[in-house]
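Below: the structure, in structure tokens.
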Amino acid sequence: MQDELRELVRALRKAAPAAAWRVGERAAANGNVSLVSQDSDSSEYVLRVKLGNGPPNEIYLWPDEVEWECDCESPAQACAHAVAAIRGLSGGLSSLPEAAPPAHIVLLLRRRQGSLELELGVRRQQQVEAWSAQGSPGLRPSEEFARLNRLQGEVAGGRIAPRNYSALLSALLSAEEVQLDGEVISISKVPIHKVAVIAAVGSNFRLTLEPPETVTELFEGEPTLALTDHTLRPLGNGKLSKLQLHQLRRPLLFHNHELPRLTGEWIPALERCVDVIRRGSVPESQAAEVTVRLELQRRAGLLEAEARIVYGDPPLAELRDNNWIPLGGLQRMPARNRDAELQAVNQLQAQLGMRPGQRLRLLPEDAARFVRDRLPQFSGQLIGEHQARSFRVDRTPLRPELQWQGNGLQARFMGEAGEADPVRVLEAWRQGQELVSLGSQGMAALPIEWLDQHGHLLALSLEADEQVAARLAPLAEELLGQGSNQLPEGLRQLNRHLRELGTLPLLDPPAGLEARLRDYQLLGFSWLRLLAQHKIGAILADDMGLGKTLQTLAALLPDRDQGPALVVAPTSVLRNWELEAARFTPALRSGVLHGPRRERLLQQLQDGDLDLLITSYAIVRRDIDRLAEHSFRAVVIDEAQAIKNPDSQTRKAIARLKADQRIALSGTPIENRLLELWSIMDWVNPGLLGPRQHFAEQLAGPAGRGNTAAATAISRQVRPFLLRRLKAEVAAELPPRTESVLHCPLSEAQQRSYAAVRQAAISGLRGSKADNKRGRRMQVLAALTRMRQAACHPGLLPGGDPSAQSGKLDRLMELLPSLIEAGHKALLFSQWTAMLDLVENRLKQERLRFVRLDGSTRDRAGPIERFQAADGPPLFLISLKAGGTGLNLTAADHVFHLDPWWNPAVEQQATDRAHRIGQTRPVFSWKLISENSVEERILALQERKKALVESVLGGKGIEALSIEELESLLDDAPL
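Here it is in structure tokens:
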């Protein structure tokens, strides 16, 4: 030990400043060092050193490890306290006095007029003296006490406001010692709870909420404090609710006739929250089971049914109209069980459709339904079951017997007791009834499932003409049996082709069609022509990009001499229809009914000078009175989801158009609800799916809730008249990559902005003083850039409004939701990150998930991995420069180029991010081109300059364009 101490002394002597060494030696010599504790196992010594008038400090010495530690704030490695400690320890343990127990703060409580006062004291040895900051150095009250003082606005304690008892309790809990008027007490945060006391007072009963008997004193406050068994603790309210506490804020008196409410409701409820003490003769609550009872009685040809909810058997109490009525005397009241009552009420409602205490007087038909449908579900106590026997109905439903007569179906409904009139059967079915009268022969059950599937066909057949008969034939054949000889040969052949498209003979493409139809497109064309021959409507619902427009134009071409056809489409695609009609069917005399030329085109229509009229939904709504005067050989609606709401003005206007055949084009005939399909199909083939309410209640509703039979019925009815092919189904016929152009009209504000930018560019170039081609070229390119930005979005221009409308962005947002709903993923490329910002804002507004990659993206792998995941975001925003090359994004099968780049090879490379090894689906690349803008001029120039296009594809890009060609993009007139 002495060797270790000497080693520790040498280390301290070396580390301590000379002044610290002198002060420490003097303190040791003066006896200012005392021993607090020692641990011989770990060779740890704790000593206390007092220097001057300040509080003592404690020093830890470990001689074996030549280590020391002091709790003072000296910056020196070895302080005077450490020196004094080692010098004192070197003199021997026996020479060191033991340190006195440290003083501690005592919280002193005093009673004062029903509340409490609090002061601080200090316990030194066996005495408690007043605390002061100067007289008790090193002793500080707890933070809880300081917080309490701040609440009181005082410094040295005093009377505690009752509202601050919560803070007082926290301060008391943190104290080492608490006294109340000189007596040491304990503090607990565990509350002692009030009790409910029920006392008999004469013939009445008093209910109070009181502290337990063990509580000797209360200090009212927040919370109220209770003194019990020398312990101060909060007084709690158990599990009582605020309402119960409010009700019990003063004693409650229950008169004798209110005893059922006290024993049946109050006492059981209180026993779940607090202890309940009875004083005097207070009846006990009895346990009794809640039972649902149904009592039946036949009177005057009617069936009376009374529903009851009772306690016990025989009943002790009854629930009637939400009132609790005793039946067995005041001294035999059961404990009320509201949960069981609620369960019984729900049972009564679910099984019988009744409420407690309700009495029904049922007519024979209603009684028969009640006995047939409700009673078998009832699981309660049934009294008078024999009274219902005379109202029973045979459960075998009527049997339909069908025949095809003339232009429609005819049916007879046969039952065991007789035959039902079909008109009465249909009337009962439409009214939602399930039984029909057989006159004097009683009642019979309707064949509900059969009527739900075919009842509207039977109703239609009563007023069928030749055209309606053709629409009904495919469905009627299912009822009569495949190949039934009852159908005319022509209808049987039509059915076969519509049910089995493989049997449909493929027609030759029509003369005058300037396009090659792929096999699936030739099938679509032949299918449309077959339906046209029978004047049956059609829904062509091919996936986006499979050429619905081309197939439709081809189908309209052969009958151009039989009158005009009308195409109604969103304004954003009018230009596309106009261009494709001119490209694929130049033999059709076509015109676009839009803008100031409307009157002239309407006159051409009147004079028979048009084969094809193209217009928008907005124009149809505006000019419907004029358009409804004409009979068209066909009316085609593109993006047919525009009439998905049967109550919309657009749907009502479209319904007024007269046509031999109606064709709807839509890649998403159902976006949200099956009623949307009804709205479209009911326009295409009126009446085919029956009345709207019937479809909604009998088919769409059950199908939406997972009823496969209803869904199958809908599919069976629409399948002959709806043709839908997905890209995956026709992938073998598609080229590896399909490229298309989407023409997007500029918004009105965008047109004005674009015109102003274009005029400023032209004026600037005309006034330019550049005298060399390079300078001139740079000016033209700068002007073209501003025009291209204006064509994309006004927000791209300096000082532009990001919230301004952009036709291109609107068109994009029309397309993306349907693509995503169909399970596709898409890449969105732009050369401008500002354009990506604008797209991002719209995607956020529409709550469409996406990831993004541009030059500022540091973690490129993260967004790529998320996008490639099967459940990842369906959209990927990519700047052309940052992500146009080097990425593998085969999760996408659609690519959108938001703004055309000078070099199409760059766009091709960007598209190749999706179209590469590992891609298993056809890839569709879309160029969004603003109508009547510089973007169209660029495409037109490339079409005229085939050699130039080849050079661009070879990588020369815009450098292959001459200054004259660049200037021609600004304006056809020379600058």
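Start counting the sequence shown at 739; every next residue gets the next number (the working numbering).
For glycine and all other residues, C-beta sits at the position ideal for the given N, C-alpha and C.
The structure presented is a predicted model; accordingly, all values stated were derived computationally and were not measured.
Quick test of the definition: if touching needs 3 or more C-beta pairs under 8 Å, does the region 816-825 touch the region 839-859? no
Quick one: residues in its chain with C-beta nearer than 7 Å to the C-beta of Phe883, no 5 flanking neighbours on either side, listed in chain order? Along the sequence shown, read from residue 1 onward, the residue named residue 883 stands at position 145. Sequence-distant Cβ neighbours of Phe883 in its own chain, meaning closer than 7 Å and more than five residues away, are Ala909.
Can you tell me which of Glu1009, Glu1079 and Pro1072 puts its alpha carbon nearest to the alpha carbon of Asp1059? As a working mapping, residue 1059 is identified with position 321 in the sequence shown. Per the Cα distances, Glu1079.
For Thr1658, count the other beta carbons within 10 Å of its own beta carbon; 16 or more makes it buried, fewer makes it exposed. Which is it? Counted from its first residue, the sequence shown places residue 1658 at position 920. Answer is exposed; the Cβ neighbour count stays below 16.
I need the DSSP call for Lys1396, collapsed to helix, strand or coil. In the sequence shown, residue 1396 corresponds to position 658, counting from 1. Residue state, collapsed to three classes: strand.
Quick check: Ile930 and Pro950, are their CB atoms within less than 8 Å of each other? On the sequence shown, position 192 is the one that residue 930 refers to. On the sequence shown, position 212 is the one that residue 950 refers to. Yes. Within cutoff.
Quick one: residues in its chain with C-beta nearer than 8 Å to the C-beta of Thr962, no 5 flanking neighbours on either side, listed in chain order? Residue mapping note: residue 962 aligns to position 224 of the sequence shown, counting from 1. Within the same chain, Thr962 has close Cβ partners Tyr903, Leu956, Pro972 and Leu973.
Helix, strand or coil for Pro1064 per DSSP? Residue numbering aside, residue 1064 sits at position 326 when the sequence shown is read from its first letter. The answer is strand: DSSP assigns Pro1064 an E or B state.
Candidates Ala1391, Ile1401, Leu1557 and Val1028: which alpha carbon is nearest Leu1266's? Within the sequence shown, residue 1266 is the residue found at index 528, counting from 1. Ranking Ala1391, Ile1401, Leu1557 and Val1028 by Cα distance to Leu1266 puts Ile1401 first.
Roughly how many angstroms separate the alpha carbons of Asn791 and Val761, rounded to a whole number? Sequence index remark: in the sequence shown, residue 791 carries index 53 (1-based). Sequence index remark: in the sequence shown, residue 761 carries index 23 (1-based). CA-CA distance, Asn791 to Val761, rounds to 14 Å.
Where does Thr1287 fall in DSSP's three states? Along the sequence shown, read from residue 1 onward, the residue named residue 1287 stands at position 549. Three-state result, Thr1287: helix.
Hey, would you say Ser1485 sits closer than 8 Å to Gly1533, going by beta carbons? Looking up residue 1485 in the sequence shown gives position 747. Looking up residue 1533 in the sequence shown gives position 795. No, Cβ-Cβ distance for Ser1485 and Gly1533 is not below 8 Å.
Rounded to the nearest angstrom, what separates Trp1421 and Thr1571 at their Cα positions? The residue you call residue 1421 lines up with position 683 of the sequence shown. The residue you call residue 1571 lines up with position 833 of the sequence shown. When rounded, the distance between both Cα atoms is 44 Å.
Just the C-alpha distance for Ala756 and Ala766, rounded to the nearest angstrom, thanks. Within the sequence shown, numbered from 1, the residue matching residue 756 stands at position 18. Within the sequence shown, numbered from 1, the residue matching residue 766 stands at position 28. Distance between the alpha carbons of Ala756 and Ala766: 16 Å.
Starting from the C-beta of Arg897, find all residues in its chain whose C-beta is less than 7 Å away, skip the five residues before and the five after it, and write them out in chain order. By 1-based counting over the sequence shown, the position of residue 897 is 159. These residues qualify, in order along the chain: Arg850, Ser853 and Glu855.
Name the one or two DSSP bridge partners that Leu795 has. Your numbering for residue 795 matches position 57 in the sequence shown. Note on identity: in this sequence residue 795 is Asn, with Leu being the wrong assignment. Note: Asn795 sits in a beta bridge opposite Val787.
CB of Phe1567 within 8 Å of CB of Phe1634, strictly: Translated into the one-based positions of the sequence shown, residue 1567 becomes position 829. Translated into the one-based positions of the sequence shown, residue 1634 becomes position 896. Result yes, Cβ atoms of Phe1567 and Phe1634 sit closer than 8 Å.
Could you check the C-alpha separation between Leu750 and Asn770 for me, to the nearest Å? As a first step, residue 750 must be located in the sequence shown, where it is residue number 12. As a first step, residue 770 must be located in the sequence shown, where it is residue number 32. Cα to Cα, the separation comes out at about 19 Å.
Are Pro1247 and Leu1260 touching if we call contact CB-CB under 8 Å? Translated into the one-based positions of the sequence shown, residue 1247 becomes position 509. Translated into the one-based positions of the sequence shown, residue 1260 becomes position 522. Their beta carbons are under 8 Å apart, which means Pro1247 touches Leu1260 by this criterion.
Is Leu743 helix, strand or coil when you go by DSSP? By one-based count along the sequence shown, residue 743 stands at place 5. In the structure shown, Leu743 sits in a helix (DSSP, three-state: H, G or I).
Of the choices Thr1450, Ser1491 and Pro1308, whose alpha-carbon is the least far from that of Ser1404? If you number the sequence shown from 1, residue 1404 lands on position 666. Out of Thr1450, Ser1491 and Pro1308, Pro1308 has the C-alpha closest to the C-alpha of Ser1404.
Measure the beta-carbon distance from Ile936 to Leu947 and round it to whole angstroms, keeping in mind my assumption that it falls under 8 Å. Translated into the one-based positions of the sequence shown, residue 936 becomes position 198. Translated into the one-based positions of the sequence shown, residue 947 becomes position 209. Wrong, their Cβ atoms sit about 11 Å apart, outside the cutoff.
Go ahead and pull the three-state DSSP assignment for Lys1683. Along the sequence shown, one-based indexing puts residue 1683 at 945. Bear in mind that a pLDDT of 46 at Lys1683, under 50, signals an unreliable position, so the number given afterwards is only what the model happens to contain. Looking at Lys1683 - three-state DSSP - the assignment turns out to be coil, as it is neither helix nor strand.
So for Gly762, helix, strand or coil by DSSP? Here residue 762 is taken as the residue at index 24 of the sequence shown, counted from 1. Gly762: helix per DSSP, three-state reduction.
In this structure, does DSSP put Met1799 in helix, strand or coil? This structure gives no information on residue 1799, because the portion of the chain shown stretches from 739 to 1713.
Residue range of the beta strand (DSSP E) that Gln1143 falls in? In the sequence shown, the residue the question calls residue 1143 occupies position 405. Where Gln1143 is concerned, the enclosing beta strand (DSSP E) stretches over Arg1137 to Gln1143.
Please name the residue, chosen from Ala1038, Val1030, Glu1044 and Asp1051, that lies closest to Val1083 on a Cα-to-Cα basis. Sequence index remark: in the sequence shown, residue 1083 carries index 345 (1-based). If you compare the alpha carbons of Ala1038, Val1030, Glu1044 and Asp1051 with that of Val1083, the shortest gap goes to Val1030.
Per DSSP, which one or two residues make a beta bridge with Trp1664? Here residue 1664 corresponds to residue number 926 of the sequence shown, with the count starting at 1. DSSP output for Trp1664 lists Ser1478 and Phe1634 as bridge partner(s).
DSSP three-state call for Ala754: helix, strand or coil? Walking along the sequence shown from the start, residue 754 turns up at place 16. Reduced to three states, the DSSP call for Ala754 is coil.
Taking only the alpha-carbon atoms, compute the straight-line gap between Leu743 and Pro801 and give it to the nearest angstrom. Position 5 of the sequence shown holds residue 743. Position 63 of the sequence shown holds residue 801. The straight-line gap from Cα to Cα measures roughly 6 Å.
Should Ala1366 be flagged as near chain D, meaning a C-beta pair shorter than 8 Å? In the displayed structure, chain D is absent; only one protein chain is listed.
What are the boundary residues of the beta strand (DSSP E) that Asp1013 is part of? Taking the sequence shown and counting its residues from 1, the one referred to as residue 1013 is at position 275. According to the DSSP assignment, Asp1013 belongs to the beta strand (DSSP E) that extends over Asp1013 to Arg1017.
Leaving out the 5 sequence neighbours to the left and right, which residues in its chain are closer than 7 Å to Arg748 when beta-carbon positions are compared? The sequence position of residue 748 within the sequence shown is 10, counting from 1. So the list is empty, once near-sequence residues are dropped.
Counting pairs of Cβ atoms below 8 Å between the region 1434-1451 and the region 1367-1383, do you hit three or more? no
Classify Gln1289 as buried or exposed, calling it buried when 16 or more other Cβ atoms lie within 10 Å of its own Cβ. Taking the sequence shown and counting its residues from 1, the one referred to as residue 1289 is at position 551. With 16 or more Cβ atoms within 10 Å of its Cβ, Gln1289 is classed as buried.
Assign Leu1176 to one of three DSSP states: helix, strand, or coil. On the sequence shown, position 438 is the one that residue 1176 refers to. Correct three-state label for Leu1176: coil.
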